[in-house]
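Engineer: Residue numbers (this note's numbering): 100 to 502. Quick reminder that beta carbons are idealized off the backbone N, C-alpha and C, glycines included. Take a look at this one; I'll ask things after.
Structure representation (structure tokens):
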């Protein structure tokens, strides 16, 4: 693909006016072979370019760009991509910049996609460059990581977000400085999306190109085990925070208040059907419903399901319906039998299955032990089944409406 600026690519008038408020930021760690070309290409589209050298040891970036107007900030040691972006964020704010466009320095992204972001810039919006046109083949591991991350961000925010692992983004500077961000490495780019959505910002995508270098050629600082573990812990922390009944600080008000909705019960009921009605949202709702339904939450199953789906903005109707599949005697009986085996080392042979499930309170510990294994298994099975059924149903309905 050609990265030279096309002759017919001209920013819209409003986009051109915004260039004075925009900085292009390139976080770098040991990308000496590609950073000069990437930064120079970005400079063709965005007048203000900043490189944050996060402790690189392969070259002296300050010396490389000493004769250019590209600004270089440097960390004396490697602190992580999130820390590099926060350093840039503070410096952009000091320079009165309002928006920060970030692009990786390894040559994966194409700077000629930068103008696509400009017309969409807004103080209440994060823009993600969704990688839709590829030069080369995306590694299977990256494909799985992208889907995994998209699923959890959608679950944490209630927004359908695409390509949450893309480093090609546009941020409103003022809003990000107001968010309580803890991540300092690759977990930063996950956390910022969740906390921004909780604060009332929207997250949108623009299609961009991407280049995947052959195996062994691309220089990446991503450490699969350590960084994936850190990202997984970030998702765990965000889900836990989402379930806490304490509102997050909102930078922008909700478009419709809960009180206004409750004044119109019919609208509330219809909203319960419509919310999280995508295949992904319905699958997540079903997985949560059956997971909680399998746990020994005697007398409070419906309340627990409603609370969790309310906090995660999932489809309550789907979750409440699916949790009924875990009613006695089958699922509780299986859980108790499994728990008994785990606790005593042998199966129950002297108690009829129906009698076993009819008095679960007498074997509460066994029920919990078995449920901690059965509940995740049911969720893992139910989620994909509902996803494919919902997708097939929606495709059929779409064809019927067209015909």
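Residue 133 to residue 473, Cα distance in whole Å?
Structural biologist: Residue 133 sits at position 34 when you count from the first residue of the chain shown. Residue 473 sits at position 374 when you count from the first residue of the chain shown. Near 50 Å, if we compare the C-alpha coordinates of residue 473 and residue 133.
Engineer: Could you check whether the region 384-398 touches the region 480-495, counting it as contact only if at least three pairs of C-beta atoms, one from each stretch, sit closer than 8 Å?
Structural biologist: Segments in contact, yes.
Engineer: Tell me the start and end of each unbroken beta strand (DSSP E) in the region 228-291 that is at least 3 residues and wholly inside, in chain order.
Structural biologist: If only complete runs of 3 or more residues are kept, the region 228-291 shows the beta strand (DSSP E) at 268-271, in order along the chain.
Engineer: If you count every other CB in all the chains shown that lies within 10 Å of the CB of residue 462, and 16 or more means buried, which is it?
Structural biologist: Walking along the chain shown from the start, residue 462 turns up at place 363. Looking at its Cβ environment, which holds 16 or more other Cβ atoms inside 10 Å, residue 462 is buried.
Engineer: Taking the straight line between their C-alpha atoms, what separation do you get for residue 382 and residue 221?
Structural biologist: For the purposes of this step, residue 382 is taken as the residue at position 283 of the chain shown. For the purposes of this step, residue 221 is taken as the residue at position 122 of the chain shown. Whole-angstrom Cα-Cα distance: 32 Å.
Engineer: Output the boundary residues of the beta strand (DSSP E) element that contains residue 172.
Structural biologist: As a first step, residue 172 is located in the chain shown; it is residue number 73 there, counting from the start. 170-174 is the span of the beta strand (DSSP E), which, as asked, contains residue 172.
Engineer: Check each candidate in 287, 497, 447 and 408 and name the one with the smallest Cα separation from residue 181.
Structural biologist: For the purposes of this step, residue 181 is taken as residue 82 along the chain shown, with counting starting at 1. Measuring from the Cα of residue 181, the nearest candidate turns out to be 287.
Engineer: Taking a contact to mean a Cβ-Cβ separation below 8 Å, would you say residue 151 touches residue 192 in this structure?
Structural biologist: Within the chain shown, numbered from 1, the residue matching residue 151 stands at position 52. Within the chain shown, numbered from 1, the residue matching residue 192 stands at position 93. Between residue 151 and residue 192, the gap from beta carbon to beta carbon reaches 8 Å or more.
Engineer: Tell me, which residues are paired with residue 200 by DSSP?
Structural biologist: On the chain shown, residue 200 is found 101 positions in, with the first residue counted as 1. Paired residues: 123 and 269.
Engineer: Assess, as a yes-or-no matter, whether the region 271-288 is touched by the region 156-173 under the definition of 3 or more beta carbon pairs within less than 8 Å.
Structural biologist: no
Engineer: Give me, in chain order, the residues of the same chain whose beta-carbon lies closer than 6 Å to that of residue 304; leave out the 5 immediate sequence neighbours on both sides.
Structural biologist: Translated into positions along the chain shown, residue 304 becomes position 205. Around residue 304: 227, 229 and 261.
Engineer: Which residue marks the beginning of the alpha helix (DSSP H) containing residue 139, and which one marks its end?
Structural biologist: The residue labelled residue 139 in the question sits at position 40 within the chain shown. Per DSSP, residue 139 belongs to the alpha helix (DSSP H) from 134-142.
Engineer: Leaving aside the five residues before and after residue 430 along the sequence, list all residues of the same chain whose C-beta is less than 8 Å from its C-beta, in chain order.
Structural biologist: If you number the chain shown from 1, residue 430 lands on position 331. Closer than 8 Å at the Cβ level, and outside the excluded window around residue 430, lie 392, 393, 424, 473 and 477.
Engineer: Less than 7 Å between the CB of residue 294 and some heavy atom of the ligand ZN, yes or no?
Structural biologist: Here there are no bound small molecules, and the ligand ZN is not part of this structure.
Engineer: Taking the CB atoms as reference points, tell me whether residue 337 and residue 384 lie closer together than 8 Å.
Structural biologist: Against the chain shown, residue 337 aligns to sequence position 238. Against the chain shown, residue 384 aligns to sequence position 285. Going by C-beta atoms, residue 337 is not nearer than 8 Å to residue 384.
Engineer: Touch check for the region 203-223 and the region 140-150: three-plus C-beta pairs under 8 Å?
Structural biologist: yes
Engineer: Which residues mark the beginning and the end of the beta strand (DSSP E) in which residue 149 is found?
Structural biologist: Taking the first residue of the chain shown as position 1, residue 149 is located at position 50. Counting along the chain, the beta strand (DSSP E) containing residue 149 begins and ends at 148-153.
Engineer: Beta carbon of residue 290, beta carbon of residue 299: below 8 Å?
Structural biologist: Taking the first residue of the chain shown as position 1, residue 290 is located at position 191. Taking the first residue of the chain shown as position 1, residue 299 is located at position 200. Going by C-beta atoms, residue 290 is not nearer than 8 Å to residue 299.
Engineer: Could you have a look at residue 369 and say whether DSSP puts it in helix, strand or coil?
Structural biologist: As a working mapping, residue 369 is identified with position 270 in the chain shown. Note that residue 369 has pLDDT 48, beneath the 50 cutoff, so the model's placement of it is unreliable and the number below is only indicative. DSSP places residue 369 in helix when its eight states are reduced to three.
Engineer: Classify residue 266: buried if its beta carbon has 16 or more other beta carbons within 10 angstroms, exposed otherwise.
Structural biologist: Looking up residue 266 in the chain shown gives position 167. Buried, by the Cβ-count rule.
Engineer: Should the region 328-342 be regarded as contacting the region 406-422, the criterion being three or more beta carbon pairs within less than 8 Å?
Structural biologist: With a cut-off of 8 Å, the region 406-422 and the region 328-342 count as touching, because enough Cβ pairs lie within range.
Engineer: Exposed or buried, residue 284, counting other C-beta atoms within 10 Å across all chains shown (16 or more means buried)?
Structural biologist: On the chain shown, position 185 is the one that residue 284 refers to. Result: buried.
Engineer: Quick check on the DSSP output: the alpha helix (DSSP H) that includes residue 389 runs from which residue to which?
Structural biologist: Here residue 389 is taken as the residue at index 290 of the chain shown, counted from 1. From DSSP, the alpha helix (DSSP H) with residue 389 extends over 378-393.
Engineer: How many angstroms separate the CA atom of residue 443 from the CA atom of residue 432?
Structural biologist: To locate residue 443, count along the chain shown from 1; it is residue 344. To locate residue 432, count along the chain shown from 1; it is residue 333. The alpha-carbon atoms of residue 443 and residue 432 are separated by roughly 16 Å.
Engineer: Taking the CB atoms as reference points, tell me whether residue 379 and residue 256 lie closer together than 8 Å.
Structural biologist: As a position in the chain shown, residue 379 is number 280, starting the count at 1. As a position in the chain shown, residue 256 is number 157, starting the count at 1. Against a cut-off of 8 Å, the Cβ pair of residue 256 and residue 379 comes out as no contact.
Engineer: Buried or exposed for residue 386, going by 16 or more other Cβ atoms inside 10 Å?
Structural biologist: Counting from 1 along the chain shown, the entry for residue 386 is found at position 287. Residue 386 counts as buried, since no fewer than 16 other beta carbons sit within 10 angstroms of its beta carbon.
Engineer: Given that a residue counts as buried once 16 or more other Cβ atoms are within 10 Å of its Cβ, and exposed if not, what is residue 157?
Structural biologist: Counting from 1 along the chain shown, the entry for residue 157 is found at position 58. Per the 10 Å Cβ criterion, exposed.
Engineer: Using three-state DSSP, classify residue 225 as helix, strand or coil.
Structural biologist: The residue labelled residue 225 in the question sits at position 126 within the chain shown. Three-state DSSP puts residue 225 in a strand.
Engineer: For residue 421, I'd like the list of residues in its chain whose CB is within less than 6 Å of its CB, leaving aside the five on either flank, ordered along the chain.
Structural biologist: Residue 421 sits at position 322 when you count from the first residue of the chain shown. Excluding sequence neighbours, residue 421 sits near 385, 388 and 389.
Engineer: Taking only three categories from DSSP, how would you classify residue 303?
Structural biologist: The residue given as residue 303 occupies position 204 in the chain shown. The answer is strand: DSSP assigns residue 303 an E or B state.
Engineer: I think residue 219 touches residue 124, with their Cβ atoms under 8 Å apart; what is that distance to the nearest whole Å?
Structural biologist: Counting from 1 along the chain shown, the entry for residue 219 is found at position 120. Counting from 1 along the chain shown, the entry for residue 124 is found at position 25. Not really, about 17 Å apart at Cβ, beyond 8 Å.
Engineer: Give every residue of the same chain whose Cβ lies closer than 8 Å to the Cβ of residue 438, excluding the five residues on either side of it in the sequence, and list them in chain order.
Structural biologist: Taking the first residue of the chain shown as position 1, residue 438 is located at position 339. Excluding sequence neighbours, residue 438 sits near 462, 464, 465, 466, 467, 468, 469 and 470.
Engineer: Using three-state DSSP, classify residue 521 as helix, strand or coil.
Structural biologist: In the structure as shown, the chain starts at 100 and stops at 502, and residue 521 therefore has no counterpart that could be examined.
Engineer: List the residues that DSSP assigns as beta-bridge partners of residue 208.
Structural biologist: Residue 208 sits at position 109 when you count from the first residue of the chain shown. Looking at the DSSP assignment, residue 208 forms a beta bridge with 309.
Engineer: Along the chain, where does the alpha helix (DSSP H) that runs through residue 400 open and close?
Structural biologist: Taking the first residue of the chain shown as 1, we reach residue 400 at position 301. Start and end: 400-411.
Engineer: Find out if the Cβ-Cβ distance for the pair residue 205, residue 174 is shorter than 8 Å.
Structural biologist: Position 106 of the chain shown, counted from the first residue, corresponds to residue 205. Position 75 of the chain shown, counted from the first residue, corresponds to residue 174. Result no, Cβ atoms of residue 205 and residue 174 do not sit closer than 8 Å.
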